Amino acid sequence: MQQLADVYKRNESHIGEFEERRNQRITLLPVSHVMQGAQIEILITPDGEFKSAKVVDKENSRTIVPATTDSANRSGAKIAPHYIHDKLQYVAGDFLDFGGPEKQKEHFNVYCEQMKKWAESADAPQKIKIIYSYISKGNVIDDLVNEKILPVDDHQQVVDKWPNDQKDEKPEIYKLVPGSPLSAFVRFDVLHEAPNDPVVWEDRNLFGNFIDFLERTHTQEQGLCYVTGEYTTLTTQHGSRIRNAGDMAKLISANDSSGYTYRGRFAEATEAVQIGYDVSQKSHHALRWLIQRQGTYIDSRYFVSFGLEQPDVPDPFDSTRELMDEDIFAESLQDLGAEQALTEDLVSEELNKALQGINHHLDKENLENIVVMALDAATSGRLAIVYYQQISAYLFYKAILEWHMSCSWLQTYKDESTNKTRSYVGTPSTYRIAESVYGSKADSRIKKDLYSRLLPCIIERKRIPRDIIQTIFNRIKNPFSFTNSNESWQATLQVACALINKQYESEGYTVALQEDNHSRDYLFGRLLGIAEVMEKRVLEKRDEKRSTNATRYFNAFTQHPARTWMVIRKQLAPYFENSSDKTGYYAMLLQQVENKLSTEQMTDDSLKPIFLLGYSSQIQTLYTKKEENKNDGIEA
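Each residue of the sequence shown is one higher than the one before, counting from 12 in the numbering used here.
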């Protein structure tokens, strides 16, 4: 709470200033305000008369609304109006005349009374007086009907549901409001006197005036705030809608005042914790803003990383290619990638340069601390922080770069601008890792746990859990299980190799083939890789479209390598005997690798994941490097 309130204070310039993020307009909310989606907008003249009205599309519906703690947390039949903008049942004095339910007859009176208090206060803004003057006439729905916004039937009642047989004539309001149009949310604006005059829901002067008005008129309990240590106004009602607009789960709540009464431990909610109204508002608004701005989510779990001094920091879940787009990282990396393959050494060198330059960036931005956190809800009403880590900015960047240098392997992707397949040596995104480990059709709840389990591996440099490696290894062992067109065995292999490389980083494996590596698993991987490439090239030359023996026996090979290799070797014999297949180079290569396997190594003990590194490196070497056998002039 302390850290988030500090973020709010440092970013007060963003309050009420909308910015485009992920195709959405977002802003940091002022204290005592909430964000609502409006479906109808009414324009009022300076004389308090109706000017015009329009239906608001979803892209422009976000509206900053002054609110009390009661209205921000209202539910059920509770009468708790917002100020200025609200639903028709509150703002329309003629709501019942046009078909509104009788039980909501008091809503307008309560709304009108509280608007009157603000409009008649000593320093009330002129816009508030104008809006109050208009709504007090009680003609809102009548004006909307005359403006053809709300259709009515022969009895002058608003049409509750548009007939299915008249879909072509369906008014816009029915497409935007779930249920009856009488539940539409209305926002008000006053005819602008100058081009730079802001709309009412983005007017900073109104924000400040409302906050002052609320402090003067709403008396709340005073006490010691546990967050700031100051004697101030307290609150027991804290913000919801933290993760998204429909999220009613709260981080802090106290609604057990009857029955168990706080499980018998406390008589009042404030005996458990006392939090100031101001700091609660600021911290919840800041968290909501950060999540909208730069959060990542999978299923119900939301992840966000932010700097306490300035919010923008790299996303720990990004791939190396996405990391290249960050301004503070080697700017030349993207340009180099367009011209040549980003090799292991090149990426490592450029990321190291970036690390050296980070100190200058941190000094320039005055960035010292970074917070990484994850939130999730076990029930619809309770939100929990399931991961929290505050570390120095330098260590955060160092951990990110180390992850990208150690959990790396050859990755391929399609360049959308050129439609060409490009490759680089780097780290896959956590999204790709989750898809590769569990498959694209796996339950999102399993995937969100993977994100949480990988977070300490990225931020705290912990080892990748063994079961994750084993799960993806088991998937790779069955090439024929990849029947889903959205999944590629080759792409999954690349991700698996990156994770395995990270798991065994102390052993120094590289994408480049290690010809002096005498590890049993690595050598068996090389053998299968050579057999795969050789047979595939022969089949391509013969225009035969069938799986290679290496692919067909892949699973058996990992379980019983010595026995299965003898079977594969026997299947390859006809290719070696047919001189037209030009396989002499591969025969020589197989012999060299077999000679490196000792008698003790040529057993049927199952292979470990290192086998995939040898397999992948060998295949990559044979595909990208033209080699010639000088004895028979055969091109590999």
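From the three backbone atoms N, C-alpha and C, an ideal C-beta is built for every residue, glycine too. Since the model is a prediction, treat every value here as computed from it, not as a measurement.
Three or more beta-carbon pairs under 8 Å between the segment 30-39 and the segment 289-306, yes or no? By the C-beta criterion, the segment 30-39 is judged to be in contact with the segment 289-306, since at least 3 inter-stretch pairs fall below 8 Å.
Beta-carbon contacts of V18 that lie in its chain and below 8 Å, excluding the five residues immediately before and after: The residues are A297, L301, F317, L319 and P322.
Rounded C-alpha distance that separates F493 from S264: Approximately 47 Å between the Cα atoms of the pair.
Three-state class that DSSP yields for S403 in the structure shown: Three-state result, S403: strand.
In chain order, what residues of the same chain lie with their CB nearer than 6 Å to the CB of E213, ignoring the 5 residues before and after it? Same-chain partners within the cutoff: G27.
Per-residue burial, V549 [other beta carbons within 10 Å of its own, 16 or more giving buried]: V549 comes out buried.
Where does G437 sit, in a helix, a strand or coil, going by DSSP? Three-state DSSP puts G437 in a strand.
Look at the alpha carbon of A404 and the alpha carbon of E471, and state the distance between them as a whole number of angstroms. Across the structure, A404 and E471 are spaced so that their CA atoms are roughly 13 Å apart.
Between the beta-carbon of V201 and the beta-carbon of I142, is there less than 8 Å? Pairing V201 with I142 gives a Cβ-Cβ distance under 8 Å.
What are the start and end residues of the alpha helix (DSSP H) that includes G536? In this chain, the alpha helix (DSSP H) harbouring G536 covers R531 to K552.
Where the beta strand (DSSP E) through Y242 begins and ends: Where Y242 is concerned, the enclosing beta strand (DSSP E) stretches over Y242 to T246.
Closer than 8 Å by C-beta to E427: which residues in its own chain qualify, once you throw out the five before and the five after it? Chain order, please. The beta carbon of E427 is closer than 8 Å to none in its chain, skipping five residues each way along the sequence.
DSSP three-state call for A567: helix, strand or coil? Three-state DSSP puts A567 in a helix.
Residue burial classification, A133 (beta-carbon count within 10 angstroms, cutoff 16): Burial is judged here by how many other beta carbons sit within 10 angstroms of a residue's own beta carbon; A133 has fewer than 16 and is exposed.
Would you kindly report the start and end of the unbroken beta strand (DSSP E) that includes W212? Counting along the chain, W212 falls outside any beta strand (DSSP E), and DSSP gives it neither H nor E.
Beta-carbon separation (whole angstroms), A542 vs I579, contact threshold 8 Å: Confirmed, Cβ separation roughly 6 Å.
Label E350 either buried or exposed according to how many other C-beta atoms from any shown protein chain fall within 10 Å of its C-beta, with 16 as the threshold for buried. Because the pLDDT at E350 is just 49, under 50, the model does not fix this residue reliably, and the point stays unresolved.
Name the two residues that bound the continuous alpha helix (DSSP H) containing W420. Looking at the DSSP string, W420 is not in any alpha helix (DSSP H); the run it does join, the beta strand (DSSP E), is W420 to D426.
Report back the beta-carbon spacing between N380 and Q401 to the nearest angstrom; my notes put them in contact at under 8 Å. That pair is a contact at about 6 Å.
Using a Cβ-Cβ cutoff of less than 8 Å, which residues in the same chain neighbour R557 once the five nearest sequence positions on both sides are dropped? Cβ neighbours of R557 beyond the five flanking positions: L550.
Among K488, I253, R332 and K138, which has the Cα closest to the Cα of S434? Ranking the options by Cα distance to S434, first place goes to R332.
For L618, tell me which candidate among T635, Y533 and A584 has the shortest Cα-Cα distance. With distances taken between Cα atoms, L618 lies closest to Y533.
Measuring only the C-alpha atoms, how far is S191 from D171? For S191 and D171, the distance between alpha carbons rounds to 5 Å.
Does N497 pass the burial test, meaning 16 or more other C-beta atoms within 10 Å, or should it be called exposed? When all chains shown are included, N497 counts as exposed.
Where do the ends of the alpha helix (DSSP H) carrying A509 lie? Note, A509: alpha helix (DSSP H), W500 to Q514.
Quick check: what's the CA-CA separation for G270 versus N84? Distance from the CA atom of G270 to the CA atom of N84, rounded to whole angstroms, is 22 Å.
Rounded C-beta distance between V358 and R443? I'm assuming under 8 Å. Not confirmed; about 17 Å, so no contact.
Leaving out the 5 sequence neighbours to the left and right, which residues in its chain are closer than 8 Å to K547 when beta-carbon positions are compared? Within the same chain, and ignoring the five residues on either side of K547 in sequence, the residues whose Cβ sits closer than 8 Å to its Cβ are T559.
Helix, strand or coil, according to DSSP, for S268 in the structure here? Under the three-state reduction of DSSP output, S268 falls in the coil class, being neither helix nor strand.
If you run the structure through DSSP and keep just helix, strand and coil, what is M259? Coil at M259, not helix or strand.
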